[in-house]
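Engineer: This structure is in C-alpha coordinates; I'll ask about it shortly.
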Amino acid sequence: MSILAINGGEKIRKSLFPAYKFIDQNEIDAVTKVMKSGILSKFIGGWHEDFKGGYQIQSLEKEWAEKFKVKHAIAVNSATSGLIAAIGAIGISPGDEVIVSPYSMAISATAPLFYGAIPIFADIEEDYFCIDAKSIESKITNKTKAIIAVDLFGHPYNYKEINKIAEKHGLVVIEDASQAPGSKYDDKYAGTLGDVGVYSLNYHKHIHSGEGGIIVTNDDEIAKKLYLIRNHAESVVEGMEYTNLVNMVGFNFRMTELEATIARVQLGKLDDLVEERIKNVEYIAQNLSEIEFLEPAKNRKGVKNVFYKHIIKFDSEKAGVSRNVFFEAVKAELMPIELRETEGINISTGYVKPLYLLPLFKEKIAFGDKGYPFNSPYYNKEVNYDKGLCPICENMHYETLVSHEYMRPPMTKNDLDDFINAIKKVSENLEEIK
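This note's numbering puts the sequence shown at residues 4 to 437.
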(Lines of atoms letter the chains of each structure in order from A; the text may use other names.)
(Lines give C-alpha, C1' and ligand atoms only; values in the text may rest on other atoms or scores of the structure.)
Protein backbone atom coordinates (compact mmCIF):
# COMPACT_ATOMS: atom_id res chain seq x y z
CA MET A 4 0.00 0.00 0.00
CA SER A 5 1.47 3.36 -1.09
CA ILE A 6 1.39 6.39 1.16
CA LEU A 7 -0.40 9.25 -0.57
CA ALA A 8 1.65 12.37 -1.24
CA ILE A 9 -0.92 14.45 0.63
CA ASN A 10 0.06 12.40 3.72
CA GLY A 11 3.81 12.70 3.14
CA GLY A 12 4.35 9.96 0.58
CA GLU A 13 6.31 10.23 -2.66
CA LYS A 14 4.66 12.07 -5.56
CA ILE A 15 3.82 10.27 -8.78
CA ARG A 16 5.16 13.24 -10.77
CA LYS A 17 8.30 15.18 -9.89
CA SER A 18 8.78 17.44 -12.93
CA LEU A 19 6.61 20.05 -14.66
CA PHE A 20 4.27 18.90 -17.40
CA PRO A 21 5.13 20.27 -20.87
CA ALA A 22 3.74 23.66 -21.87
CA TYR A 23 1.04 24.05 -24.48
CA LYS A 24 3.49 25.92 -26.71
CA PHE A 25 3.32 25.49 -30.45
CA ILE A 26 4.57 28.77 -31.87
CA ASP A 27 7.42 27.87 -34.24
CA GLN A 28 9.51 29.39 -37.02
CA ASN A 29 6.48 29.69 -39.30
CA GLU A 30 4.82 32.26 -37.01
CA ILE A 31 8.15 34.01 -36.42
CA ASP A 32 8.76 34.32 -40.18
CA ALA A 33 5.21 35.55 -40.81
CA VAL A 34 5.45 38.18 -38.07
CA THR A 35 8.89 39.28 -39.23
CA LYS A 36 7.53 39.86 -42.73
CA VAL A 37 4.73 42.03 -41.39
CA MET A 38 7.11 43.94 -39.11
CA LYS A 39 9.41 44.67 -42.06
CA SER A 40 6.45 45.93 -44.09
CA GLY A 41 5.84 48.64 -41.51
CA ILE A 42 2.07 48.04 -41.70
CA LEU A 43 1.00 46.80 -38.28
CA SER A 44 -2.61 47.87 -38.80
CA LYS A 45 -4.39 49.38 -41.79
CA PHE A 46 -7.87 50.16 -40.52
CA ILE A 47 -9.42 53.57 -41.09
CA GLY A 48 -12.48 54.48 -39.03
CA GLY A 49 -14.38 55.97 -41.96
CA TRP A 50 -15.90 54.91 -45.27
CA HIS A 51 -12.67 54.21 -47.12
CA GLU A 52 -11.01 51.35 -48.99
CA ASP A 53 -9.23 50.48 -45.73
CA PHE A 54 -12.44 50.40 -43.65
CA LYS A 55 -12.14 46.59 -43.55
CA GLY A 56 -8.45 46.55 -42.65
CA GLY A 57 -5.28 45.41 -44.35
CA TYR A 58 -4.05 42.40 -46.28
CA GLN A 59 -3.50 40.09 -43.30
CA ILE A 60 -6.93 40.80 -41.80
CA GLN A 61 -8.78 40.24 -45.05
CA SER A 62 -6.73 37.13 -45.86
CA LEU A 63 -7.46 35.64 -42.44
CA GLU A 64 -11.18 36.32 -42.87
CA LYS A 65 -11.22 34.68 -46.30
CA GLU A 66 -9.27 31.62 -45.11
CA TRP A 67 -11.43 31.24 -41.99
CA ALA A 68 -14.64 31.42 -44.03
CA GLU A 69 -13.31 28.79 -46.44
CA LYS A 70 -12.16 26.49 -43.63
CA PHE A 71 -15.46 26.59 -41.75
CA LYS A 72 -17.66 26.69 -44.88
CA VAL A 73 -19.41 29.92 -43.97
CA LYS A 74 -20.19 33.03 -46.03
CA HIS A 75 -18.74 35.75 -43.79
CA ALA A 76 -15.89 35.79 -41.26
CA ILE A 77 -15.09 39.03 -39.42
CA ALA A 78 -11.89 39.32 -37.36
CA VAL A 79 -12.05 41.17 -34.04
CA ASN A 80 -9.70 41.80 -31.14
CA SER A 81 -11.35 39.23 -28.84
CA ALA A 82 -14.26 36.82 -28.59
CA THR A 83 -15.61 39.18 -25.92
CA SER A 84 -15.79 41.93 -28.53
CA GLY A 85 -17.29 39.42 -30.95
CA LEU A 86 -20.17 38.56 -28.61
CA ILE A 87 -20.90 42.23 -27.88
CA ALA A 88 -20.85 43.02 -31.60
CA ALA A 89 -23.12 40.06 -32.35
CA ILE A 90 -25.69 41.24 -29.81
CA GLY A 91 -25.65 44.68 -31.44
CA ALA A 92 -25.81 43.35 -34.98
CA ILE A 93 -28.97 41.32 -34.39
CA GLY A 94 -30.76 44.46 -33.16
CA ILE A 95 -31.06 43.79 -29.43
CA SER A 96 -32.61 46.79 -27.62
CA PRO A 97 -33.13 47.96 -24.01
CA GLY A 98 -35.72 45.84 -22.22
CA ASP A 99 -35.24 42.79 -24.44
CA GLU A 100 -34.44 39.43 -22.85
CA VAL A 101 -31.66 37.11 -24.02
CA ILE A 102 -31.52 33.53 -22.74
CA VAL A 103 -28.01 32.59 -21.66
CA SER A 104 -26.04 29.79 -20.01
CA PRO A 105 -24.98 30.03 -16.36
CA TYR A 106 -21.88 27.93 -16.99
CA SER A 107 -19.40 29.73 -19.24
CA MET A 108 -16.96 32.60 -19.33
CA ALA A 109 -18.90 35.62 -18.02
CA ILE A 110 -19.22 37.52 -21.32
CA SER A 111 -21.46 34.74 -22.67
CA ALA A 112 -24.04 36.06 -20.20
CA THR A 113 -23.07 39.72 -19.82
CA ALA A 114 -22.94 40.67 -23.53
CA PRO A 115 -26.69 41.59 -23.62
CA LEU A 116 -26.13 44.17 -20.86
CA PHE A 117 -24.13 46.37 -23.23
CA TYR A 118 -27.33 47.06 -25.18
CA GLY A 119 -29.59 47.37 -22.15
CA ALA A 120 -30.98 43.83 -22.45
CA ILE A 121 -31.60 41.41 -19.60
CA PRO A 122 -29.82 38.02 -19.36
CA ILE A 123 -32.20 35.19 -18.47
CA PHE A 124 -30.46 32.03 -17.29
CA ALA A 125 -31.52 28.56 -18.47
CA ASP A 126 -30.07 25.42 -16.88
CA ILE A 127 -27.48 23.13 -18.48
CA GLU A 128 -27.62 19.52 -19.66
CA GLU A 129 -26.53 16.90 -17.18
CA ASP A 130 -24.57 14.86 -19.73
CA TYR A 131 -23.13 17.48 -22.11
CA PHE A 132 -23.11 20.67 -19.94
CA CYS A 133 -24.40 22.92 -22.73
CA ILE A 134 -27.53 25.03 -22.27
CA ASP A 135 -30.61 22.78 -22.09
CA ALA A 136 -33.34 23.02 -24.75
CA LYS A 137 -36.24 22.28 -22.37
CA SER A 138 -35.00 24.83 -19.86
CA ILE A 139 -34.71 27.41 -22.65
CA GLU A 140 -38.30 26.86 -23.74
CA SER A 141 -39.55 27.32 -20.17
CA LYS A 142 -37.82 30.74 -19.99
CA ILE A 143 -39.24 32.30 -23.17
CA THR A 144 -41.50 35.34 -22.75
CA ASN A 145 -42.82 38.04 -25.07
CA LYS A 146 -39.61 39.97 -24.34
CA THR A 147 -37.25 37.18 -25.46
CA LYS A 148 -35.31 38.07 -28.61
CA ALA A 149 -32.28 35.76 -28.70
CA ILE A 150 -30.44 32.78 -27.24
CA ILE A 151 -26.70 32.62 -26.60
CA ALA A 152 -25.75 28.93 -26.82
CA VAL A 153 -22.24 28.01 -25.64
CA ASP A 154 -20.31 25.04 -27.05
CA LEU A 155 -18.94 24.31 -23.62
CA PHE A 156 -15.62 22.46 -23.18
CA GLY A 157 -15.49 21.83 -26.97
CA HIS A 158 -18.88 20.09 -27.27
CA PRO A 159 -21.47 21.71 -29.62
CA TYR A 160 -24.83 22.79 -28.28
CA ASN A 161 -28.00 20.84 -29.17
CA TYR A 162 -28.62 22.85 -32.32
CA LYS A 163 -31.35 20.56 -33.66
CA GLU A 164 -33.67 21.17 -30.71
CA ILE A 165 -32.60 24.70 -29.82
CA ASN A 166 -32.74 26.02 -33.38
CA LYS A 167 -36.21 24.50 -33.71
CA ILE A 168 -37.31 26.37 -30.57
CA ALA A 169 -35.74 29.58 -31.90
CA GLU A 170 -37.54 29.27 -35.23
CA LYS A 171 -40.86 28.57 -33.50
CA HIS A 172 -40.58 31.75 -31.40
CA GLY A 173 -38.79 33.98 -33.93
CA LEU A 174 -35.53 34.13 -31.96
CA VAL A 175 -31.93 34.59 -33.10
CA VAL A 176 -29.27 32.09 -31.97
CA ILE A 177 -25.77 33.36 -31.21
CA GLU A 178 -23.32 30.49 -30.83
CA ASP A 179 -20.34 31.01 -28.55
CA ALA A 180 -17.87 28.58 -30.11
CA SER A 181 -14.85 30.03 -28.29
CA GLN A 182 -13.94 26.60 -26.90
CA ALA A 183 -14.90 24.57 -29.96
CA PRO A 184 -13.02 25.46 -33.17
CA GLY A 185 -12.95 22.33 -35.33
CA SER A 186 -15.78 20.66 -33.43
CA LYS A 187 -18.61 19.28 -35.57
CA TYR A 188 -22.20 18.18 -35.23
CA ASP A 189 -23.45 16.08 -38.16
CA ASP A 190 -20.57 17.38 -40.28
CA LYS A 191 -21.47 21.04 -39.61
CA TYR A 192 -18.76 23.02 -37.89
CA ALA A 193 -19.41 24.46 -34.45
CA GLY A 194 -19.72 28.20 -34.86
CA THR A 195 -21.88 27.76 -37.95
CA LEU A 196 -24.78 26.02 -36.19
CA GLY A 197 -26.60 29.23 -35.19
CA ASP A 198 -27.29 32.55 -36.91
CA VAL A 199 -24.00 34.05 -35.69
CA GLY A 200 -20.95 32.25 -34.29
CA VAL A 201 -17.98 33.55 -32.30
CA TYR A 202 -14.54 31.94 -31.90
CA SER A 203 -11.71 32.87 -29.53
CA LEU A 204 -8.02 33.19 -30.33
CA ASN A 205 -6.73 34.09 -26.88
CA TYR A 206 -3.69 32.41 -25.43
CA HIS A 207 -5.18 29.29 -23.82
CA LYS A 208 -7.54 28.30 -26.65
CA HIS A 209 -6.93 25.55 -29.24
CA ILE A 210 -5.11 28.00 -31.51
CA HIS A 211 -4.24 31.57 -30.63
CA SER A 212 -2.75 34.85 -31.75
CA GLY A 213 -2.26 36.16 -28.21
CA GLU A 214 -5.67 37.80 -28.27
CA GLY A 215 -8.30 37.84 -30.98
CA GLY A 216 -11.63 36.48 -32.13
CA ILE A 217 -13.57 35.65 -35.29
CA ILE A 218 -17.30 36.17 -35.87
CA VAL A 219 -19.02 34.12 -38.60
CA THR A 220 -22.45 34.30 -40.22
CA ASN A 221 -24.25 33.44 -43.44
CA ASP A 222 -26.53 36.50 -43.09
CA ASP A 223 -25.44 39.43 -45.31
CA GLU A 224 -27.23 42.09 -43.25
CA ILE A 225 -25.83 40.85 -39.94
CA ALA A 226 -22.34 40.74 -41.48
CA LYS A 227 -22.66 44.36 -42.65
CA LYS A 228 -23.61 45.45 -39.13
CA LEU A 229 -20.74 43.46 -37.63
CA TYR A 230 -18.22 45.26 -39.85
CA LEU A 231 -19.72 48.60 -38.80
CA ILE A 232 -19.84 47.88 -35.07
CA ARG A 233 -16.25 46.65 -35.23
CA ASN A 234 -14.98 49.91 -36.68
CA HIS A 235 -16.67 53.16 -35.62
CA ALA A 236 -20.09 52.66 -37.23
CA GLU A 237 -21.28 56.16 -36.35
CA SER A 238 -18.53 57.67 -38.53
CA VAL A 239 -19.07 55.29 -41.42
CA VAL A 240 -22.82 54.92 -42.02
CA GLU A 241 -23.26 58.25 -43.81
CA GLY A 242 -20.50 57.67 -46.34
CA MET A 243 -21.64 54.09 -46.76
CA GLU A 244 -25.23 55.32 -47.27
CA TYR A 245 -26.42 52.86 -44.65
CA THR A 246 -29.69 54.08 -43.15
CA ASN A 247 -30.56 51.54 -40.41
CA LEU A 248 -29.06 53.29 -37.38
CA VAL A 249 -30.12 50.75 -34.74
CA ASN A 250 -27.03 50.00 -32.61
CA MET A 251 -24.81 51.89 -35.01
CA VAL A 252 -22.64 53.33 -32.27
CA GLY A 253 -19.38 51.62 -33.13
CA PHE A 254 -16.32 50.49 -31.23
CA ASN A 255 -12.69 49.83 -31.98
CA PHE A 256 -12.86 46.04 -31.99
CA ARG A 257 -10.13 45.80 -34.64
CA MET A 258 -7.47 43.09 -34.82
CA THR A 259 -3.93 44.07 -35.81
CA GLU A 260 -2.05 42.77 -38.85
CA LEU A 261 0.39 41.04 -36.47
CA GLU A 262 -2.35 39.06 -34.74
CA ALA A 263 -3.96 38.21 -38.08
CA THR A 264 -0.78 36.82 -39.58
CA ILE A 265 -0.18 34.64 -36.51
CA ALA A 266 -3.78 33.43 -36.64
CA ARG A 267 -3.39 32.49 -40.31
CA VAL A 268 -0.45 30.21 -39.49
CA GLN A 269 -2.22 28.80 -36.45
CA LEU A 270 -5.33 27.97 -38.48
CA GLY A 271 -3.23 25.53 -40.48
CA LYS A 272 -2.32 23.67 -37.26
CA LEU A 273 -5.85 23.34 -35.90
CA ASP A 274 -6.75 19.91 -37.27
CA ASP A 275 -3.60 18.19 -35.99
CA LEU A 276 -3.89 19.79 -32.54
CA VAL A 277 -7.53 18.75 -32.27
CA GLU A 278 -6.85 15.15 -33.30
CA GLU A 279 -4.12 14.88 -30.67
CA ARG A 280 -6.53 16.08 -27.97
CA ILE A 281 -9.12 13.52 -29.04
CA LYS A 282 -6.57 10.70 -29.02
CA ASN A 283 -5.29 11.68 -25.57
CA VAL A 284 -8.80 11.87 -24.10
CA GLU A 285 -9.62 8.41 -25.46
CA TYR A 286 -6.48 7.04 -23.81
CA ILE A 287 -7.27 8.66 -20.45
CA ALA A 288 -10.92 7.56 -20.50
CA GLN A 289 -9.99 3.98 -21.37
CA ASN A 290 -7.46 3.77 -18.54
CA LEU A 291 -9.86 5.19 -15.95
CA SER A 292 -12.84 3.11 -17.07
CA GLU A 293 -12.54 0.58 -14.21
CA ILE A 294 -12.91 3.21 -11.47
CA GLU A 295 -16.63 2.97 -10.78
CA PHE A 296 -17.07 6.40 -9.22
CA LEU A 297 -15.60 8.24 -12.22
CA GLU A 298 -17.57 8.86 -15.43
CA PRO A 299 -15.79 10.58 -18.34
CA ALA A 300 -18.06 13.03 -20.17
CA LYS A 301 -20.29 11.68 -22.92
CA ASN A 302 -20.56 12.90 -26.50
CA ARG A 303 -23.90 13.55 -28.13
CA LYS A 304 -24.59 11.27 -31.11
CA GLY A 305 -23.14 12.77 -34.28
CA VAL A 306 -20.77 15.10 -32.38
CA LYS A 307 -17.03 15.54 -32.75
CA ASN A 308 -15.86 16.97 -29.43
CA VAL A 309 -12.57 18.90 -29.56
CA PHE A 310 -12.02 18.91 -25.76
CA TYR A 311 -11.08 22.40 -24.66
CA LYS A 312 -11.12 20.68 -21.28
CA HIS A 313 -11.64 17.01 -20.43
CA ILE A 314 -14.58 16.59 -18.08
CA ILE A 315 -15.04 13.77 -15.57
CA LYS A 316 -18.10 13.33 -13.34
CA PHE A 317 -17.45 12.19 -9.77
CA ASP A 318 -19.90 10.08 -7.73
CA SER A 319 -19.16 10.79 -4.07
CA GLU A 320 -21.62 8.15 -2.81
CA LYS A 321 -19.81 5.39 -4.68
CA ALA A 322 -16.41 6.74 -3.67
CA GLY A 323 -17.33 7.21 -0.03
CA VAL A 324 -15.49 10.53 -0.06
CA SER A 325 -16.25 13.97 -1.48
CA ARG A 326 -15.03 15.08 -4.89
CA ASN A 327 -12.98 17.92 -3.41
CA VAL A 328 -11.19 15.73 -0.87
CA PHE A 329 -10.41 13.09 -3.48
CA PHE A 330 -8.96 15.52 -6.01
CA GLU A 331 -6.96 17.45 -3.44
CA ALA A 332 -5.18 14.14 -2.88
CA VAL A 333 -4.76 13.64 -6.64
CA LYS A 334 -3.33 17.13 -7.07
CA ALA A 335 -0.77 16.44 -4.34
CA GLU A 336 0.61 13.65 -6.57
CA LEU A 337 1.21 15.93 -9.56
CA MET A 338 3.09 19.02 -10.73
CA PRO A 339 1.97 22.16 -12.58
CA ILE A 340 2.22 22.75 -16.32
CA GLU A 341 5.25 24.67 -17.58
CA LEU A 342 4.56 28.41 -18.16
CA ARG A 343 1.44 28.10 -15.98
CA GLU A 344 3.15 27.32 -12.70
CA THR A 345 1.35 30.11 -10.83
CA GLU A 346 -2.00 28.40 -11.55
CA GLY A 347 -1.08 25.38 -9.45
CA ILE A 348 -2.14 21.87 -10.44
CA ASN A 349 -4.34 22.01 -13.52
CA ILE A 350 -7.33 20.12 -12.15
CA SER A 351 -10.51 22.02 -11.26
CA THR A 352 -13.38 20.81 -9.10
CA GLY A 353 -16.19 22.55 -10.91
CA TYR A 354 -15.61 25.13 -13.61
CA VAL A 355 -16.85 28.70 -12.98
CA LYS A 356 -19.32 29.62 -10.26
CA PRO A 357 -22.82 29.80 -11.80
CA LEU A 358 -22.79 33.23 -13.35
CA TYR A 359 -26.03 34.46 -11.81
CA LEU A 360 -24.25 34.27 -8.43
CA LEU A 361 -21.71 36.92 -9.47
CA PRO A 362 -22.02 40.24 -7.57
CA LEU A 363 -23.21 41.98 -10.74
CA PHE A 364 -26.34 39.81 -10.88
CA LYS A 365 -26.88 39.43 -7.14
CA GLU A 366 -26.82 43.21 -6.64
CA LYS A 367 -28.26 44.04 -10.10
CA ILE A 368 -25.74 46.80 -10.63
CA ALA A 369 -24.15 47.05 -14.08
CA PHE A 370 -23.91 50.49 -15.73
CA GLY A 371 -24.08 53.49 -13.43
CA ASP A 372 -25.47 53.45 -9.91
CA LYS A 373 -29.19 53.34 -10.75
CA GLY A 374 -29.42 49.61 -11.46
CA TYR A 375 -29.49 49.92 -15.25
CA PRO A 376 -30.52 47.88 -17.20
CA PHE A 377 -32.24 45.75 -14.54
CA ASN A 378 -34.09 48.82 -13.28
CA SER A 379 -35.18 50.91 -16.25
CA PRO A 380 -38.36 52.21 -17.90
CA TYR A 381 -37.80 49.60 -20.62
CA TYR A 382 -37.94 46.66 -18.22
CA ASN A 383 -40.70 46.62 -15.64
CA LYS A 384 -40.21 43.09 -14.32
CA GLU A 385 -38.32 41.52 -11.43
CA VAL A 386 -35.70 39.04 -12.64
CA ASN A 387 -34.61 36.14 -10.42
CA TYR A 388 -30.90 35.48 -9.94
CA ASP A 389 -31.18 33.58 -6.66
CA LYS A 390 -29.23 30.45 -5.73
CA GLY A 391 -31.24 27.40 -6.81
CA LEU A 392 -32.13 28.97 -10.17
CA CYS A 393 -30.26 26.32 -12.19
CA PRO A 394 -30.03 23.19 -10.01
CA ILE A 395 -28.18 20.99 -12.52
CA CYS A 396 -25.52 23.64 -13.02
CA GLU A 397 -25.15 24.09 -9.26
CA ASN A 398 -24.86 20.35 -8.69
CA MET A 399 -22.21 20.03 -11.40
CA HIS A 400 -20.22 22.94 -10.01
CA TYR A 401 -20.40 22.25 -6.30
CA GLU A 402 -20.59 18.43 -6.20
CA THR A 403 -19.91 16.50 -9.38
CA LEU A 404 -17.88 17.99 -12.24
CA VAL A 405 -14.08 17.78 -12.52
CA SER A 406 -12.08 19.31 -15.36
CA HIS A 407 -8.45 19.06 -16.37
CA GLU A 408 -6.15 19.98 -19.25
CA TYR A 409 -3.57 17.19 -19.10
CA MET A 410 -4.86 15.91 -22.46
CA ARG A 411 -3.44 18.93 -24.30
CA PRO A 412 -0.64 18.44 -26.79
CA PRO A 413 2.29 17.96 -26.51
CA MET A 414 1.61 15.58 -23.60
CA THR A 415 3.38 12.26 -24.15
CA LYS A 416 2.12 8.82 -23.16
CA ASN A 417 4.32 9.06 -20.06
CA ASP A 418 2.72 12.39 -19.14
CA LEU A 419 -0.76 10.93 -19.54
CA ASP A 420 0.24 7.89 -17.51
CA ASP A 421 1.37 10.10 -14.62
CA PHE A 422 -2.03 11.80 -14.55
CA ILE A 423 -3.83 8.44 -14.77
CA ASN A 424 -1.62 6.82 -12.14
CA ALA A 425 -2.17 9.69 -9.71
CA ILE A 426 -5.91 9.08 -9.88
CA LYS A 427 -5.46 5.31 -9.59
CA LYS A 428 -3.13 5.68 -6.61
CA VAL A 429 -5.68 7.75 -4.69
CA SER A 430 -8.57 5.45 -5.68
CA GLU A 431 -6.63 2.45 -4.37
CA ASN A 432 -5.87 4.18 -1.06
CA LEU A 433 -9.20 5.79 -0.22
CA GLU A 434 -8.98 4.82 3.45
CA GLU A 435 -6.15 7.33 3.86
CA ILE A 436 -8.43 10.26 3.05
CA LYS A 437 -11.79 9.08 4.42
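No residue lacks a Cβ here, since even glycine has one placed at the ideal position from N, Cα and C.
1) Just reading off the beta strand (DSSP E) that lysine 316 is part of, what are its end residues?
2) When we look at the beta-carbon of isoleucine 287 and count the other beta-carbons within 10 Å, is it buried (16 or more) or exposed?
3) Is the beta carbon of isoleucine 93 closer than 8 Å to that of isoleucine 139?
4) Rounded to a whole number of angstroms, what is the C-alpha to C-alpha distance between tryptophan 67 and tyrosine 131?
5) Can you grab the Cα-Cα spacing for the pair glycine 305 / glycine 48, in whole Å?
6) Locate the beta strand (DSSP E) running through threonine 83, then write down its first and last residues.
7) Mind checking whether tyrosine 354 and leucine 404 have CB atoms under 8 Å apart?
8) From the DSSP output, read off the bridge partner residues of lysine 2.
9) Looking only at C-alpha atoms, which of Ile121, Ile350, Ala266 and Arg303 sits nearest to phenylalanine 364?
10) Give me the Cβ distance between alanine 88 and isoleucine 218, rounded to the nearest whole Å; I'm assuming they're in contact under 8 Å.
11) Taking all protein chains shown into account, do 16 or more other C-beta atoms lie within 10 angstroms of the C-beta of phenylalanine 330, making it buried, or fewer, making it exposed?
12) Quick check: does the Cβ of lysine 72 come within less than 7 Å of any heavy atom belonging to the ligand SAH?
13) Do tyrosine 206 and glycine 216 have their C-beta atoms closer together than 8 Å?
14) In chain order, which beta strand (DSSP E) runs of at least 3 residues are fully inside the stretch 186 to 224?
15) Go ahead and label valine 249 buried or exposed: buried means 16 or more other beta carbons lie within 10 angstroms of its beta carbon, across all protein chains shown.
16) Would you tell me roughly how many angstroms separate the C-alpha atoms of phenylalanine 370 and leucine 116, rounded to the nearest one?
17) Between the beta-carbon of arginine 280 and the beta-carbon of proline 380, is there less than 8 Å?
18) For leucine 360, does the three-state DSSP call read helix, strand or coil?
19) Leaving out five residues before and five after leucine 342 in sequence, what residues of the same chain have Cβ atoms less than 6 Å from its Cβ?
20) If you reduce the DSSP assignment to three classes, tell me which class serine 406 lands in.
21) Kindly give me the distance between the Cβ atoms of serine 104 and valine 153, rounded to whole angstroms, as I take these residues to be in contact under 8 Å.
22) List the whole-angstrom C-beta distance separating alanine 193 from lysine 187, where the pair is believed to meet the contact cut-off of C-beta under 8 Å.
23) Between alanine 332 and isoleucine 9, is the Cβ-Cβ spacing less than 8 Å?
24) Would you tell me roughly how many angstroms separate the C-alpha atoms of aspartate 126 and arginine 326, rounded to the nearest one?
25) Just tell me which of Tyr160, Met399 and Leu174 has its CA closest to the CA of isoleucine 143.
26) For isoleucine 315, which of Glu262, Ser406 and Leu360 has the nearest alpha-carbon?
27) For serine 18, which residues from the same chain have a beta carbon less than 7 Å from its beta carbon, with the 5 sequence-adjacent residues on both sides left out?
28) Please state whether DSSP places glutamate 278 in a helix, a strand or coil.
29) Can you give me the Cβ contacts of tyrosine 311 inside the same chain, cut-off strictly under 6 Å, excluding the 5 residues immediately before and after it?
30) With three or more C-beta pairs closer than 8 Å as the rule, is the stretch 259 to 270 touching the stretch 29 to 40?
31) Alpha carbons only, please: which of Gly119, Gln289, Thr246 and Glu224 is nearest the one belonging to glycine 374?
32) Can you tell me where the alpha helix (DSSP H) holding histidine 172 begins and where it ends?
33) Determine which residues share a DSSP beta bridge with valine 176 and list them.
34) Are there 16 or more other CB atoms within 10 angstroms of the CB of serine 351, so buried, or fewer, so exposed?
Structural biologist: Here's the rundown:
1) As a position in the sequence shown, residue 316 is number 313, starting the count at 1. Element bounds for lysine 316: 313 to 317.
2) Counting from one through the sequence shown, the residue named residue 287 turns up at place 284. The residue is buried, with at least 16 neighbouring Cβ atoms inside 10 Å.
3) On the sequence shown, position 136 is the one that residue 139 refers to. On the sequence shown, position 90 is the one that residue 93 refers to. Contact flag unset, no.
4) Stepping through the sequence shown from its first residue, residue 67 is reached at position 64. Stepping through the sequence shown from its first residue, residue 131 is reached at position 128. About 27 Å.
5) Position 302 of the sequence shown, counting from 1, holds the residue named residue 305. Position 45 of the sequence shown, counting from 1, holds the residue named residue 48. Straight-line Cα distance between these residues: approximately 43 Å.
6) Translated into positions along the sequence shown, residue 83 becomes position 80. Here threonine 83 belongs to no beta strand (DSSP E); instead the alpha helix (DSSP H) covers 82 to 92.
7) Your numbering for residue 354 matches position 351 in the sequence shown. Your numbering for residue 404 matches position 401 in the sequence shown. It is a contact, given that the beta carbons lie within the stated cut-off.
8) Because the chain spans 4 through 437 in this model, residue 2 falls outside it and cannot be assessed.
9) The residue given as residue 364 occupies position 361 in the sequence shown. That would be Ile121, whose Cα lies nearest to the Cα of phenylalanine 364.
10) Translated into the one-based positions of the sequence shown, residue 88 becomes position 85. Translated into the one-based positions of the sequence shown, residue 218 becomes position 215. Right, the Cβ-Cβ distance comes to about 6 Å (below 8 Å), so this counts as a contact.
11) On the sequence shown, position 327 is the one that residue 330 refers to. Label assigned to phenylalanine 330: buried.
12) Among the components modelled here there is no ligand, and therefore nothing to report on the ligand SAH.
13) Here residue 206 corresponds to residue number 203 of the sequence shown, with the count starting at 1. Here residue 216 corresponds to residue number 213 of the sequence shown, with the count starting at 1. No.
14) 199 to 203 and 216 to 220
15) The residue you call residue 249 lines up with position 246 of the sequence shown. It is exposed - the Cβ of valine 249 has fewer than 16 other Cβ atoms within 10 Å.
16) Position 367 of the sequence shown, counted from the start, is the residue given in the question as residue 370. Position 113 of the sequence shown, counted from the start, is the residue given in the question as residue 116. Taking the straight line joining both Cα atoms gives about 8 Å.
17) On the sequence shown, position 277 is the one that residue 280 refers to. On the sequence shown, position 377 is the one that residue 380 refers to. The answer is no: Cβ separation not under 8 Å.
18) Taking the first residue of the sequence shown as 1, we reach residue 360 at position 357. Three-state DSSP puts leucine 360 in a helix.
19) The sequence position of residue 342 within the sequence shown is 339, counting from 1. Around leucine 342: Ala22.
20) Numbered from 1 along the sequence shown, position 403 holds the residue referred to as residue 406. Note: serine 406 maps to strand in three-state DSSP.
21) On the sequence shown, position 101 is the one that residue 104 refers to. On the sequence shown, position 150 is the one that residue 153 refers to. Rounded, the Cβ-Cβ distance is 5 Å, consistent with contact.
22) To locate residue 193, count along the sequence shown from 1; it is residue 190. To locate residue 187, count along the sequence shown from 1; it is residue 184. The pair is a contact, with the Cβ atoms about 7 Å apart (cut-off 8 Å).
23) Sequence index remark: in the sequence shown, residue 332 carries index 329 (1-based). Sequence index remark: in the sequence shown, residue 9 carries index 6 (1-based). Yes.
24) For the purposes of this step, residue 126 is identified with residue 123 of the sequence shown, where counting begins at 1. For the purposes of this step, residue 326 is identified with residue 323 of the sequence shown, where counting begins at 1. In a straight line, the C-alpha of aspartate 126 is about 22 Å away from that of arginine 326.
25) As a position in the sequence shown, residue 143 is number 140, starting the count at 1. Answer by Cα proximity: Leu174.
26) Translated into the one-based positions of the sequence shown, residue 315 becomes position 312. Ranking the options by Cα distance to isoleucine 315, first place goes to Ser406.
27) Indexing the sequence shown from 1 puts residue 18 at position 15. Once the five neighbours on either side are set aside, the close Cβ partners of serine 18 are Met338.
28) Numbered from 1 along the sequence shown, position 275 holds the residue referred to as residue 278. Correct three-state label for glutamate 278: helix.
29) Start at 1 with the first residue of the sequence shown, and residue 311 comes out as number 308. Answer for tyrosine 311: Phe156, Gly157 and Gln182, listed in chain order.
30) yes
31) Position 371 of the sequence shown holds residue 374. Of the candidates Gly119, Gln289, Thr246 and Glu224, the one whose C-alpha sits nearest the C-alpha of glycine 374 is Gly119.
32) What you label residue 172 is simply residue 169 of the sequence shown in a count that begins at 1. Start and end: 162 to 172.
33) Position 173 of the sequence shown, counted from the first residue, corresponds to residue 176. DSSP, once it has assigned bridges, lists Ile150 as partnering valine 176.
34) As a working mapping, residue 351 is identified with position 348 in the sequence shown. Its Cβ being crowded by 16 or more others within 10 Å, serine 351 is buried.
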